[in-house]
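A.B. asks: Questions regarding the structure given below will be posed in turn.
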Amino acid sequence: MSDRIGNFIKSVSACLLMTMVGCSGYGILQKQEVSGIPDASYERIIKLENPEGAPDKTLAGLVHVTGKETICADFPRQRVIQSLDDLEKPEKQALAHFQNYAIRDGDETLGYVSVPVEYGVNIWRRDNDPVCKYSVQILPPRHRHGQTDYQDAVQGSTSW
């Protein structure tokens, strides 16, 4: 009986070790808020779209890619635009009130992320993925970590 328990513990330990080794190529970069996005030439700009949002909330964010590394966004609706001139007027107006973060690894700035104030952002470094070394994860307001269902509810007379 004790041999079975010992083998079980060894098996579980081996599985945990394999999991830790397999995940070692991933890490979250620290978010660095910046006051604005520099007017520069970018390799591409990824527009994150929210078609179900109100007219002034159809833009869920922008990811500005400098081209120094591969960067992708983990958002269901996205498309590449050439410049901010491709945005519609309400989107341009909303962009002025977004939070801006630099995508930095060490001393090198690889791009920027702009999202509405109520959204969250995680920036992942994936060393084992040459197609997408840096992944920008957008956290919509209802899915923010640490919020309860009560905090997500719309406060009003009908939401008792």
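When you line the sequence shown up against numbering that gives the first Met the number 0, it's residues 0 to 159, in that order. Ideal Cβ positions, reconstructed from N, Cα and C, are used throughout, including at glycine. Since we're looking at a predicted model, the values are computed, not measured.
Is E51 helix, strand or coil when you go by DSSP?
C.D. replies: coil
A.B. asks: Check for me: the beta strand (DSSP E) holding A59 runs from which residue to which?
C.D. replies: L58 to V64
A.B. asks: For the candidate residues Q98, V64 and K91, whose alpha-carbon lies nearest to that of K132?
C.D. replies: Out of Q98, V64 and K91, V64 has the C-alpha closest to the C-alpha of K132.
A.B. asks: So, with DSSP's three-state summary, where would you put I102?
C.D. replies: It is a strand residue.
A.B. asks: Can you tell me which of A93, L94, V112 and K91 puts its alpha carbon nearest to the alpha carbon of A101?
C.D. replies: When only C-alpha atoms are compared, the closest one is V112.
A.B. asks: I believe Y118 touches A72 by the beta-carbon criterion, under 8 Å. Please report the beta-carbon distance rounded to the nearest angstrom.
C.D. replies: About 12 Å separates the CB atoms of Y118 and A72; that is not less than 8 Å, and the two are not in contact.
A.B. asks: Could you have a look at I36 and say whether DSSP puts it in helix, strand or coil?
C.D. replies: coil
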